[in-house]
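Enquirer: In order, the protein sequence lines correspond to chains H and P.
The opening residue of the first sequence carries number 1 in my numbering; numbering runs sequentially from there.
The opening residue of the second sequence carries number 201 in my numbering; numbering runs sequentially from there.
Cβ atoms here follow ideal geometry from the backbone N, Cα and C, with glycine treated the same way.
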Amino acid sequence: MVRCFLIHTVCPVSALGSGESRVLYSRVFGPDEGVLSAQQRELNPEERRLLQEEKLAVVARQVRSAVSLTREASGRLLVETVPGEEALALQEADSGVVRLRAGDPFSEEMSALWLGVQSLGFALVCEPHENLLLAEVTLRNLTRHCLEHLHMLGQGSEVLLKSNRIDVLLSRLLPHGQLLFLNHRFAQSLEKEVAVYMAK
Amino acid sequence: MYSHGSESLIKQAREIQESELQKFYSRLVKQLQVKELGHETVDSLQRLHLILSATKYTRTLPSELQKRLSSLLSSPSEQLQVLSSAVLRETLPLSGQELNYNQDNISQLNSHAAALLLSQTGSRADLSSLCAQLLRSLESRPSEGPSHSLTHTLPILNTILTHSPECLTEDHMTLLSKKLVDWLRYASITQGGGASSGGFFTGPRSRQPVPIAELDGTVSGDFFTVLCVGQGFTEDQWMNVYSFSMLRHWLLTYHSVSNGNTAVDSANRLQLSLSLSHSHSFSNDDRSEVDGSVVSMVSATSSSSRLLPPKERLREKAFQYCQRLIEQSDRKAHKRTDTELQKACLVEAVCILDCVCVEDTSLVYRAFPCIKALFGRLSSDLSFARVMLPLAQFYLNHGEMAAVDCECVWKLVIGRFPAELFNDPFLAHELLRFLRLNLESLQLRVPQYTRSFPNLLKLLAWDSPAVVDDFVDLLPSLVTAGTAVELLHTLLDLPCLSATLVLQLRSTCLPISEPGGRGLLSLDAFRSPSYRGLFLFLLRGEAGSGDTIDRLSTLHELLAEAADWPRVIQCSQTVPVLLHIFFNKVIMVADKKLLAHLILVQLERSSLLLNIPNYIKEIHRVFSCHLLRLCELHPSLVVDQSHELLEFAGTTANVYSKEEIYTHVVWVLGEYLSVSCDSRCSVKLITSCFEALEAVLFEITSSAPPPGAGHPAPRVVTTLMSALAKLASRSHDLIPRVSLFLSKLRTVARGGSVAWCSNEEDLVAIVTRGEELWSLLKAPGVAQSVLTPPLHVTTPQWHRDTNVAMPLRLRALTSLTHSQ
C-alpha cells in the first residue's frame, strides 16, 4: 500500500532554513499508524495530527536532500519548461528512491519514490515489498496529471487552491493508496472521469 | 513553478487572525444553508481547506459548521464530497460523532466519505466494524447502482488489512476468497460498456458481444486479466483489476492471519513467508514436471478445483492467473505504457507464485518450468533487470527443493547488474534490499557473494547518498578473513572507482575526440592503453585477483582533476563511516597475522589516497582510532610490527603531513613497547625506538618548520615527550638523556618565544608537561609504576581487590610524601 503522497518544494524557500521544504500537498492513506501502536495511543487526536505532519515534513526534507544531491552529482543543468511542455518536464525530471528506516519517521521501513520536476518534488511513500515498478509508473502518471491539470509549470497557485482536483485524481488512480494494474484502456477510462471532474 | 504567490498564500493562511477566521466560518455556514451550492461556496470550502492544512497545529471548527460539512459527505456532487472529506480530515472529529456517518447504508458510502472514516478511526474496534460492514455490503449488494460503487471496497479492505489484519474473521476470509476467485477467474470475456458510449447508431449489430482482446490486438482465447483490453469494461472486469491489485497482499496477510492471528506488521510479512520456506523438508520424488514445456492454455490443464476449500481454491486460481500473465507478457504490446505494465505484471506474478509456493510446496514443480522459461527469455535483456530480482528470490526460496542450478541467476544478479546497471537508482535500491533480506541465505548458498564486493561497491560509488544506508547494513557480511585486505584497499579507493564509473559512462557517450570539455585529461587516460590496466582493476567484478595495484600513485595523479567532481566528493564522504564498520567487523574475524597486515596497510595507505579536500584528514582520523583499538586489543602487535612503526615514527616529514596518525603511532609505541606486553621486547629494541623518536623531537624543536609546513601541533610534541619518558622508565639508562632534553626545553622556553611554536599558551602547556615528566623521572621506580603500570593496574579491579586499588596506593604515597 502507498502510505502517502506528497508535493513539496525542492528549491530554497526564503522563509525556511536551507534544507527545509514547504509541503504544498499531502495525502495520507488509511488510519493513522499511531492509533494502532501501543506507544502512541496515549496521544490525543490533536497530538497525533501534529505527529503525522511532522513525519511528512521529515519525508519532504529527506526527499529534498536526495533531489539536490542527485542533481549536484549529475551536474545536469535544470531545464526550465513552460506550461504546455509537461511531457518534456517529466522526461527531464530526476528520479530516485530513498530508504526510510523503521522509526525514521514511520514505525516500519518505507521506500519513498520521488520525482524532482524543477522546483517541486513529488513523492510516493510505499511499503518496501510493494511492486516498486508499478509504483514508479503510477508516480509518473500522477505527476503528469498534476502538472497538466493544475498548470504547475506556470506561476499560479492552483496546487494550493484547487487541491480537490488532486484528491479526485488520487481517488481514481490510487484509491485509498492502492496501486492499480491499469492497462491503457482502463487508465483512459479513469482519466476521462478525472477530466470531466476537472472541467467543472 | 513555486512562486511568491504561493508562498504568500500559505503565509496568509497561517497567520489569519482569529476574528477574521470566525467571520469566515459564519459566512461559510450561511453559504452552506442555501439549497443550491454555487462556485463561491466551492471556493470558500477550498480556502477553508488551505487554512486548515497550512499549519501543523489543528484548528477546531465550530460545531455548526462541522455538522453542515458532514452532511455534505453524502451530497450528490462529487466536488462537495471531496471538499468536505478533505476539510474534515484536517480537523478533529466532533466528540461522540466518530463513526456515525452513514452506518446504516454503508453500501452507499462513497469513496471520499470512506476515506474520512478511515482517517478518523480511533481504534482497532472501529476498523473491525468498518471491515465487517464493507464485507456485508459485498455480500448483499443491489444490482443497480453506479458502476464504481463497489470498486473502492477492495482498496479500503486492503488498507484495513495493512494496519490490522486481525479484523477479519474466518467467515470473512472465506467470503472474500470466494469473491476474489469469481472476479479473478470468472470475469466476463466479452467487452462491456456499451451503455456509456451509446451514440446514435446502436443497432442490433453493435449489440453483439465482442470478445476481449490481448495487448497486441489478437482476440483473447482465455480468461480475463489485467492485460486484456476492450472498448469498455463490465463491472466484474473492473473488479478483476482491483482484485489482482490486492491479491499479493491478501495472500501474504491471510497466510499470517491463518497462522494463529498474530498481528505481523506488513514489513515483516514477506519475510515471514520467506522464512517459512526454509523450515520445510522436501522430497525429490515428484520431478515429472520440472522439464515440461510452458503451457499456453493454462485453464485447460487445471485440475478440477471446485472441490477445494476456498483458501486453497483461491491459491490455485491465483496460480493460474499468474501463469497466464507471464504468458501474456510475451506479447508485443502496441502502447509503451502497456509494455511497462507487462513488466510490472511479471514482477507481481512471480512474487505471487513465490508466495503460493511457499504456502503449498507441491506447487513448486508446477511453477518451475514457467519460471525457468521466463528466466531464459529475459536473462539476456538488461531492460528486464528489475523482473530478475523476484525471479532470483524464487530461485533462492525454491531452487534447492527443485534441485535447479542457480549459478546463472547469481552471475546476473551480483555480476552483471551492479557492473552494468549501477546508475539505475531503482534497481540499486531493489537489489540491495534483496541482498539485505536474504543475507543469511546468500551467505549459505551463494559462495561468490563475499567475493562480489568490487561489483556491489559500484552501486555505492555511483550514488552514495542513496545507498550508503544499505551498505551500512550489508558491509559486515562482506568482511571475511580471506578478502579483508583487498576490501580495505577497495574502500579506500572508492572515490577513484566513482571517478572511473563517471569516465566509463562519459567514454561511451562522448565521441573519441572531443575538444575542450571537462575531464579531458582523465578521460584520455581512461582511454589510453597504457593505463587501461589500472582502470580495469578498479572495474573488476570479483575479488581475488590481487589486493591492489602497484601504480596507485599514478592512478591518483591521473584522477587528480576528479577530486572536485560532486559525485566523487559525495562518495568520499561515505568512506569514513564504512571504514569504521569494516574495522569493527574485521576484529571479530581476523587473526593476529591479518591484524598486523592491516596495520601495515594503514601506514602504507596513509600517504596513498586520492587528494580530495578533507578526505585524507578524515581517513587519517579513522586510521588513528582503529590503530589504537587494534593495539589495545593485541598489544604484542606493536612489538611484532615495531620495524614498520619505527620507520614511520622516525620520519620527521610525517609530523607535518600526517599529524593525526603520527601522534597515535608514537603513542602506541610508547605505551606498548614493553616487556609486559610482549616478552620479545628487548632493551635493544627499546633503545632504538627511543633514539628514533628522540631524533625527531630534537629536529622539530630546534628550528623553524620547513617551508610550506605549519608548526608541529603541540600534541605531537607532548606525545613524543611522554613516549620518550615511558621508554626511559623501562630502560633506566635512557633517563638522563630525557631529563637533559626536558631541562634544556625549559631553559629555551624561558627565553621567550621559539621558532617552532607560535602560541604562548601551547608553549606553556608543553613546558608544563615537560616539567611533570622530568620530576617523575627523578624517581625511576615511581616513574616505572606510573608510566608502565603492570597489568593488574591497567585492568583494574578496584572494587574487587583492595590490595591493588590505585586510590589506596596514591593515598599511601601522598601520606608518605607529606609527612615531611
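1. Taking Cβ-Cβ distances shorter than 8 angstroms, what residues in chain H pair up with C545(P)?
2. Would you tell me roughly how many angstroms separate the C-alpha atoms of Q217(P) and S206(P), rounded to the nearest one?
3. Closer than 9 angstroms between beta carbons: that is the criterion. Which residues of the stretch 435-457 of chain P meet it against chain H?
4. Identify the contact partners of M152(H) in chain P, using a Cβ-Cβ distance below 7 angstroms as the criterion.
5. If contact means a Cβ-Cβ distance below 7 angstroms, which residues of the stretch 225-255 of chain P contact chain H?
6. So, using beta-carbon positions, are T380(P) and T453(P) closer together than 8 angstroms?
7. Quick check on the burial criterion: 16 or more other C-beta atoms within 10 angstroms. Buried or exposed for C709(P)?
8. For the stretch 317-335 of chain P against the stretch 178-193 of chain H, are there 3 or more C-beta pairs whose distance is under 8 angstroms?
9. Can you tell which of T418(P), L734(P), H449(P), T390(P) has its C-alpha closest to the C-alpha of D436(P)?
10. Taking the C-alpha atoms as reference points, what is the distance between V822(P) and V282(P)?
11. I need the DSSP call for R880(P), collapsed to helix, strand or coil.
12. Tell me where the beta strand (DSSP E) around S943(P) begins and ends.
13. Taking the alpha carbon of E339(P) as the point to measure from, which residue in T561(P), N310(P), L317(P), H372(P) has its own alpha carbon closest?
14. Assuming S874(P) and C881(P) are in contact, meaning their beta carbons sit under 8 angstroms apart, how far apart are those beta carbons, in whole angstroms?
15. Expressed to the nearest angstrom, what Euclidean distance is found between the alpha-carbon atoms of N164(H) and E193(H)?
16. At the level of alpha carbons, what is the spacing between L833(P) and L795(P)?
17. What residues of chain C sit near D670(P), judged by a beta carbon separation below 8 angstroms?
18. Whose C-beta lies closer than 6 angstroms to the C-beta of L546(P) among residues of the same chain, with five residues either side of it excluded?
19. If you reduce the DSSP assignment to three classes, tell me which class H8(H) lands in.
20. Work out the CA separation of V419(P) and L250(P) for me, nearest whole Å.
21. Counting C-beta neighbours from all protein chains within 10 Å, is the total for Q222(P) 16 or more, i.e. buried, or is it exposed?
22. Between F186(H) and chain P, is any beta-carbon pair separated by less than 8 angstroms?
23. Within 10 angstroms of its Cβ, does Y386(P) collect 16 or more other Cβ (buried), or is it exposed?
24. May I ask you to list, following chain order, the residues of the stretch 24-53 of chain H that have a beta carbon less than 8 angstroms from some beta carbon of chain P?
25. What does L100(H) pair with, by DSSP beta-bridge criteria?
26. Can you name the residues of chain H whose CB is closer than 8 angstroms to the CB of P355(P)?
27. Starting from R27(H), trace the beta strand (DSSP E) in both directions and tell me its first and last residue.
28. Bridge partners of P411(P), per DSSP?
29. Check the Cβ-Cβ distances between Y257(P) and every residue of chain H, and say whether any is below 8 angstroms.
30. Roughly how many angstroms lie between the CA atoms of D669(P) and Q62(H), to the nearest whole one?
31. So what does G116(H) bridge to, in DSSP terms?
32. In or out: V967(P) buried (at least 16 other Cβ within 10 Å) or exposed?
33. Could you give the C-beta distance for S284(P) and L269(P), rounded to a whole number, given that I count them as a contact under 8 angstroms?
34. Between A201(H) and chain P, is the shortest Cβ-Cβ distance under 8 angstroms, so that the two count as touching?
35. Name, please, each residue of chain P whose Cβ falls closer than 8 angstroms to the Cβ of T9(H).
36. Can you check which of these residues, P509(P), V702(P), K235(P), L574(P), is closest to K378(P) by C-alpha distance?
Expert: In brief:
1. F181
2. 19 angstroms
3. Q437, W438, V441, Y442, F444, S445, M446, R448, H449, L452
4. M201
5. Q246, H249, L250
6. Just to set this straight, residue 380(P) is Leu in the shown sequence, not Thr. Going by C-beta atoms, L380(P) is not nearer than 8 angstroms to T453(P).
7. exposed
8. no
9. T390(P)
10. 56 angstroms
11. coil
12. No beta strand (DSSP E) holds S943(P); the alpha helix (DSSP H) holding it covers 935-950.
13. H372(P)
14. 6 angstroms
15. 14 angstroms
16. 10 angstroms
17. Included in the structure are the protein chains H and P, with no chain C among them.
18. S529, V587
19. strand
20. 50 angstroms
21. exposed
22. yes
23. exposed
24. L24, S26, V28, F29, G30, P31, D32, E33, V35, L36, P45, E46, R49, L50, E53
25. M110(H)
26. P175, H176, G177, Q178
27. 23-28
28. T390(P)
29. yes
30. 13 angstroms
31. D94(H), G121(H)
32. buried
33. 5 angstroms
34. Lying outside 1 to 200, the shown extent of chain H, residue 201(H) is not represented and no answer is given.
35. Y202
36. P509(P)
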